[in-house]
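So the sequence lines, in the order shown, correspond to chains A and B. Using the working numbering, the letters of the first sequence correspond one by one to residues 5 to 331. Using the working numbering, the letters of the second sequence correspond one by one to residues 31 to 229. Notes follow once the structure below has been shown.
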Amino acid sequence: MNEIDDKILEDYLHGQCTPEESDTLRMWLDESEENASQLFKMEELYHLGRFEKYQDSKRLDRAERELTQRIAALESKHRRFRMSAWMRYAAVAVIVLCLGSILGYLQFNKVDNIVATASANAVKLVTLPDGTKVWLNHLATLTYPTQFDNDRRDVELEGEAYFEVTKNARRPFTVKSEGMSVRVLGTRFNFNTAVNAYTEEVSLIEGSVQAIGRQDEGMIILTPGQKTVLDKRQHRMSVEQVNANLDAVWHDNLIPLKNVSIKDIAKILEYFYHVHISFASNVDTSMTYTGVIKRNTTIDSVLIDLTYAVPIHFRINGKNVYLSNKK
Amino acid sequence: MQNQYHINTIETINLVMSNLDIIFKETFRALYPSMLFYSTRIVGDKEAEDVVQEAFVELWKRKEELSDGEHAKAFLFRAIYTRSLNVLKHRDVTQNYAESMKQIEMERATFYQPENNETIKRMENKELREQIRNAIDELPDKCRQVFIMSYLHDMKNKEIADVLDISVKTVEVHIYKALKFLRGRLDYLVFVLIIFSIH
Chain A
5 MNEIDDKILE
15 DYLHGQCTPE
25 ESDTLRMWLD
35 ESEENASQLF
45 KMEELYHLGR
55 FEKYQDSKRL
65 DRAERELTQR
75 IAALESKHRR
85 FRMSAWMRYA
95 AVAVIVLCLG
105 SILGYLQFNK
115 VDNIVATASA
125 NAVKLVTLPD
135 GTKVWLNHLA
145 TLTYPTQFDN
155 DRRDVELEGE
165 AYFEVTKNAR
175 RPFTVKSEGM
185 SVRVLGTRFN
195 FNTAVNAYTE
205 EVSLIEGSVQ
215 AIGRQDEGMI
225 ILTPGQKTVL
235 DKRQHRMSVE
245 QVNANLDAVW
255 HDNLIPLKNV
265 SIKDIAKILE
275 YFYHVHISFA
285 SNVDTSMTYT
295 GVIKRNTTID
305 SVLIDLTYAV
315 PIHFRINGKN
325 VYLSNKK
Chain B
31 MQNQYHINTI
41 ETINLVMSNL
51 DIIFKETFRA
61 LYPSMLFYST
71 RIVGDKEAED
81 VVQEAFVELW
91 KRKEELSDGE
101 HAKAFLFRAI
111 YTRSLNVLKH
121 RDVTQNYAES
131 MKQIEMERAT
141 FYQPENNETI
151 KRMENKELRE
161 QIRNAIDELP
171 DKCRQVFIMS
181 YLHDMKNKEI
191 ADVLDISVKT
201 VEVHIYKALK
211 FLRGRLDYLV
221 FVLIIFSIH
């Protein structure tokens, strides 16, 4: 077996063969089957050495988003197809169906809906027939039946609510708002249907949820720590990584912290109290804290609570907070 | 109200598969790297992602039948292979892209056909990957540094030259040396692999 020139091999591996080089390589491959097998195995090993590139998590996330969009496009095409086929039926059939469903609705509809609304200055806790707990933020409204069907649990939401859904894989739990349909099996998440006039958000704390834009914006499956944002003007859905716990702090006024560094705690406090926090050089900002801080009405009461757990001292000057080591 | 009721019904139909969706998502995340690697070997960087996306969409359409991992995997390899062959067939031979290269690519595709179990097994062999990395670690210092920049970080020769303050020519020499050395080492690995595939 003749040897192949190293230079050609190098150019081949880099995908940079000149036409002359590829002719030479082609002839060498024709000499024996073994040459081909040797070359391709070597090439494979060469690329296997950098397999990690293919495992890059950002690349994976990007691919997942693209796949989600492709699937959503496919699903909406199917949906349109179903509608147009359906519309080919005679108008009579439509009328019969409508009449039938109205009659059915009148005769067999024993399900009563309950409408719960939180007042303008308090959070309201609602427990649903299946044990699911829903905290309604100020002025939010939840509509739910006195009894759920055997195969599904459907509720409707306007405003912001935090859900702790009782697990039941056979009865999926669906929350519908004007813009989204959010489906879960058993999980904790925050759903805000009125971030502003045209934005809705779902933040997932635990479990898994599937959020669907109701105007063909697509479908997104969230993993814990992700938030999906629906823009109803642009009809776009996006996903971002967030500290989802913080989105639900309003429901019990507790800020849960798990191995959070002092530096990040400062960021969280800056977020909730609109203050600026700076550190003395003797503070070890990488020190972590696990526990719950109660969100009080003022920053000083929160800081007093925090000093019980972490050895720091604080000084407040207007909107500026200065943290130093406790002596 | 009637209209709204109708929309709700349609949505419910589309929502029935949630459990499967979650399994599908997990399957996707677990298999994507291998599938992208596989497709890239046949069609190259530029078209591989698209081919893999299409294969997963096909899997999505059949997710009810293919919820078990091994079946899904076999299906994906087959779908990617068929699509990749199609891409190769429709690739135009241009000035810088010789007819002979096209033939080499077709022959290479045969090497990667999903029936070739050995290839698939190698792809999932973590130890083998480690051995390759070990071989790279054996390179002399400067040579290794240059090679890793080029091989693992996709840096252009010119960029490497700038960062290390050496000439492009020197960079080329280092890469050439590294490849020659690795070829010797990989030849041995290939040899070992041939022995294994006999038994």
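Where is the CB? At the ideal position from N, CA and C, for every residue including glycine. Keep in mind that this is a model prediction, so the values were computed, not measured.
#### Entry: Arg-138(B) at chain A interface by Cβ criterion, 7 Å
The residue given as residue 138(B) occupies position 108 in the second sequence. For Arg-138(B), the answer is yes, since a Cβ of chain A falls inside 7 Å of its Cβ.
### Query
Since Ser-242(A) and Val-253(A) are thought to touch, with beta carbons under 8 Å apart, how far apart are those beta carbons, to the nearest angstrom?
Counted from its first residue, the first sequence places residue 242(A) at position 238. Counted from its first residue, the first sequence places residue 253(A) at position 249. Actually they do not touch by this definition, with Cβ atoms about 23 Å apart.
### Message
Is the beta carbon of Asn-117(A) closer than 7 Å to that of Thr-147(A)?
### Response
For the purposes of this step, residue 147(A) is identified with residue 143 of the first sequence, where counting begins at 1. For the purposes of this step, residue 117(A) is identified with residue 113 of the first sequence, where counting begins at 1. Closer than 7 Å, so yes.
### Message
Using a Cβ-Cβ distance cut-off of 7 Å, determine whether Ile-224(A) contacts chain B.
### Response
As a first step, residue 224(A) must be located in the first sequence, where it is residue number 220. No, no contact with chain B.
#### Entry: Proximity winner among Leu-261(A), Gly-229(A) and Arg-187(A), relative to Ile-52(B) (alpha-carbon distances)
Within the second sequence, residue 52(B) is the residue found at index 22, counting from 1. The candidate whose alpha carbon is nearest that of Ile-52(B) is Arg-187(A).
### Task
Would you please verify whether the beta carbon of Lys-271(A) is less than 7 Å from any beta carbon of chain B?
Within the first sequence, the letter at position 267 stands for residue 271(A). No, no contact with chain B.
### Task
Helix, strand or coil for Gly-214(B), going by three-state DSSP, please let me know.
As a working note, residue 214(B) is residue 184 in the second sequence. Here Gly-214(B) sits in helix by DSSP.
### Query
What are the boundary residues of the alpha helix (DSSP H) that includes Gln-230(A)?
Locating residue 230(A) in the first sequence gives position 226, counting from the first residue. Careful: Gln-230(A) lies outside any alpha helix (DSSP H), inside the beta strand (DSSP E) at 230 to 235.
#### Entry: Within chain B, the residues that Gln-417(A) reaches when beta carbons sit closer than 8 Å
No information on residue 417(A) is available, as it lies outside the stretch 5 to 331 that chain A covers here.
### Task
Using DSSP bridges, identify the partner residues of Thr-121(A).
As a position in the first sequence, residue 121(A) is number 117, starting the count at 1. Thr-145(A).
### Query
By how many angstroms is the C-alpha of Glu-204(A) removed from the C-alpha of Ala-109(B)?
Counted from its first residue, the second sequence places residue 109(B) at position 79. Counted from its first residue, the first sequence places residue 204(A) at position 200. Roughly 38 Å between the two C-alpha positions.
### Message
For a test of the three-state rule: what should DSSP assign to Leu-261(A), helix, strand or coil?
### Response
Residue numbering aside, residue 261(A) sits at position 257 when the first sequence is read from its first letter. In the structure shown, Leu-261(A) sits in a strand (DSSP, three-state: E or B).
### Option in Lys-132(B), Ile-150(B) and Lys-76(B) with minimal Cα separation from Glu-100(B)
The residue you call residue 100(B) lines up with position 70 of the second sequence. Nearest option by C-alpha distance: Ile-150(B).
### Query
Around the C-beta of Ala-139(B), are 16 or more other C-beta atoms found within 10 angstroms, so that it is buried, or is it exposed?
In the second sequence, counting from the first residue as 1, residue 139(B) sits at position 109. Answer is buried; the Cβ neighbour count reaches 16.
### Task
Determine, using beta-carbon pairs with one atom in the stretch 136 to 143 of chain A and one in the stretch 273 to 290 of chain A, whether at least three such pairs fall under 8 Å.
no
### Message
Buried or exposed, going by whether 16 or more other CB atoms sit within 10 Å of the CB of Gly-183(A)?
### Response
Translated into positions along the first sequence, residue 183(A) becomes position 179. It is buried - the Cβ of Gly-183(A) has at least 16 other Cβ atoms within 10 Å.
### Task
Note down, in chain order, all residues in the stretch 65 to 80 of chain B with a beta-carbon under 8 Å from any beta-carbon belonging to chain A.
Leu-66, Phe-67, Thr-70, Arg-71, Gly-74 and Glu-79
### Query
Cβ atoms of Ala-248(A) and Gly-229(A): under 7 Å apart, would you say?
Within the first sequence, residue 229(A) is the residue found at index 225, counting from 1. Within the first sequence, residue 248(A) is the residue found at index 244, counting from 1. Against a cut-off of 7 Å, the Cβ pair of Ala-248(A) and Gly-229(A) comes out as a contact.
### Those residues which DSSP pairs with Met-65(B) across a bridge
As a working mapping, residue 65(B) is identified with position 35 in the second sequence. Paired residues: none, contrary to the question.
### Query
For Arg-319(A), is the classification buried or exposed, using 16 other Cβ atoms within 10 angstroms of its Cβ as the cut-off for buried?
The residue given as residue 319(A) occupies position 315 in the first sequence. By the 10 Å Cβ count, Arg-319(A) comes out exposed.
### Query
Distance, Cα to Cα, Pro-133(A) vs Ile-303(A)?
Position 129 of the first sequence, counting from 1, holds the residue named residue 133(A). Position 299 of the first sequence, counting from 1, holds the residue named residue 303(A). Using only the alpha carbons, I get a separation of about 39 Å.
### Query
Is the shortest distance between the beta-carbon of Gln-133(B) and the beta-carbons of chain A less than 7 Å?
The sequence position of residue 133(B) within the second sequence is 103, counting from 1. Among the residues facing chain A, Gln-133(B) is included, as its CB has a counterpart in that chain under 7 Å away.
### Message
Tell me the residue span of the alpha helix (DSSP H) that contains His-238(B).
### Response
Any answer about residue 238(B) is impossible in this case: the structure gives chain B only from 31 up to 229.
### Query
If contact means a Cβ-Cβ distance below 7 Å, which residues of the stretch 156 to 167 of chain B contact chain A?
Leu-158, Arg-159, Ile-162, Arg-163 and Ile-166
### Query
Sorted by chain position, which residues of the same chain lie with C-beta nearer than 7 Å to Ile-224(A)'s C-beta, five sequence neighbours on each side aside?
Numbered from its first residue, the first sequence carries residue 224(A) at position 220. Thr-72, Ala-215, Thr-232, Met-241 and Val-243, listed in sequence order.
#### Entry: Any C-beta of chain B under 7 Å from that of Asp-10(A)
Residue 10(A) sits at position 6 when you count from the first residue of the first sequence. Cβ-Cβ to chain B under 7 Å: yes for Asp-10(A).
### Query
The alpha helix (DSSP H) with Gln-238(A) in it runs from where to where?
Your numbering for residue 238(A) matches position 234 in the first sequence. In the DSSP assignment, Gln-238(A) falls outside any alpha helix (DSSP H) and carries neither an H nor an E.
### Task
Spell out whether any CB of chain B is found under 7 Å from the CB atom of Ile-26(A).
Locating residue 26(A) in the first sequence gives position 22, where the first residue counts as 1. The sequence shown places Ser at residue 26(A), not Ile. Yes, its Cβ sits closer than 7 Å to a Cβ of chain B.
### Query
If you measure from the beta carbon of Leu-194(B) to each beta carbon in chain A, is any gap under 7 Å?
As a position in the second sequence, residue 194(B) is number 164, starting the count at 1. With 7 Å as the cut-off, Leu-194(B) does not count as an interface residue toward chain A.
### Task
With DSSP collapsed to three states, give me the class of Met-179(B).
Position 149 of the second sequence, counting from 1, holds the residue named residue 179(B). In this structure, Met-179(B) counts as helix in the three-state DSSP scheme.
### Query
Considering only C-alpha positions, which residue in the set Ala-191(B), Asp-167(B), Val-193(B) and Arg-152(B) is nearest to Leu-5(B)?
Given that chain B is displayed from residue 31 to residue 229, the structure contains no residue 5(B) and the question cannot be resolved.
### Task
Could you pull the start and end residues of the alpha helix (DSSP H) that Asn-5(B) belongs to?
Residue 5(B) is absent from the structure shown; chain B starts at 31 and stops at 229.
### Query
Can you name the start and end residues of the beta strand (DSSP E) that Asp-158(A) belongs to?
To locate residue 158(A), count along the first sequence from 1; it is residue 154. Unbroken beta strand (DSSP E) run through Asp-158(A): 157 to 162.
### Task
Measure how close the beta-carbons of Glu-25(A) and Ile-12(A) come, nearest whole angstrom, since I'm counting them as under 8 Å.
Taking the first residue of the first sequence as 1, we reach residue 25(A) at position 21. Taking the first residue of the first sequence as 1, we reach residue 12(A) at position 8. So it is a contact: roughly 5 Å between Cβ atoms.
### Message
For a contact defined as C-beta to C-beta under 7 Å, what are the partners of Leu-78(A) on chain B?
### Response
In the first sequence, residue 78(A) corresponds to position 74, counting from 1. Within chain B, the residues Val-87 have their CB atoms less than 7 Å from the CB of Leu-78(A), given in chain order.
### Query
Name the chain A residues whose beta carbon is nearer than 7 Å to that of Asp-51(B)?
For the purposes of this step, residue 51(B) is identified with residue 21 of the second sequence, where counting begins at 1. Those are Gln-214 and Ile-225, listed as they occur along chain A.
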